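J.: Just so we're aligned, residue 4 is where the sequence shown starts under the numbering used here, counting upward by one. Dropping the structure in here first, questions after.
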Amino acid sequence: MKYTLQEGSFTLFPAAWQDNSMNIIRDDESGLSVVVSRGVIPDGSDYEQEFHRQWDVLRPQMGEIAQSEFQHVKAGPDGKINGLEVETTFDRNGQRLWQKQLAVQTPGKPVLMIFTLSALKAFTEEDEARWSALKQSLTLNDNRNV
4 MKYTLQEGSF TLFPAAWQDN SMNIIRDDES GLSVVVSRGV IPDGSDYEQE
54 FHRQWDVLRP QMGEIAQSEF QHVKAGPDGK INGLEVETTF DRNGQRLWQK
104 QLAVQTPGKP VLMIFTLSAL KAFTEEDEAR WSALKQSLTL NDNRNV
């Protein structure tokens, strides 16, 4: 398996590798962070069910939480990527956090990708525009033959 990072790539020995990595990208000026996480979707499930399942596990651990309805959205430059979006506000260690999340499935593989925009303050109109631009710019590689 060839594994590619922003900084380069490397080859792993043959095995049933599963990418459960997480990328955290921060902008100190705006105070925003983008987290990209990925994980395997279990057999018999799909990205929507897995996203809901993960939230069902996390929600009771989060104390005071406010969450929007889960919304079906289209992402990507051509609007062909199906996604599920939710907005959440919660307290963690005495700090209020705001999050927007987009869940998608990678083409041809049972992999859930979750894109999270996080802030330590309520989202502004500019943040909303940034989130929309992120979703519209999303492209996913078709790794069926990798």
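Yeah, the Cβ is synthetic: ideal placement off N, Cα and C, and Gly gets one too. None of these values were measured; they are calculated from a predicted model.
Along the beta strand (DSSP E) that carries Glu-72, what are the first and last residues, could you check?
T.: Element bounds for Glu-72: n/a, residue is neither H nor E.
J.: Give me the DSSP bridge partner(s) of Ala-87.
T.: Just to set this straight, residue 87 is Leu in the shown sequence, not Ala. Bridge partners of Leu-87: His-75, Ala-106.
J.: Going by beta carbon distance, what residues of the same chain come within less than 8 Å of Asp-145, once the five residues before and after it are set aside?
T.: The residues are Pro-110, Gly-111.
J.: Which residue or residues does DSSP assign as beta-bridge partners of Phe-13?
T.: Tyr-6
J.: Considering only residues of the same chain and omitting the five flanking positions on each side of Arg-62, which have a CB-CB separation below 8 Å?
T.: Ile-68, Gln-70
J.: Taking the alpha-carbon positions, what's the Leu-15 to Gln-21 distance?
T.: The alpha-carbon atoms of Leu-15 and Gln-21 are separated by roughly 12 Å.
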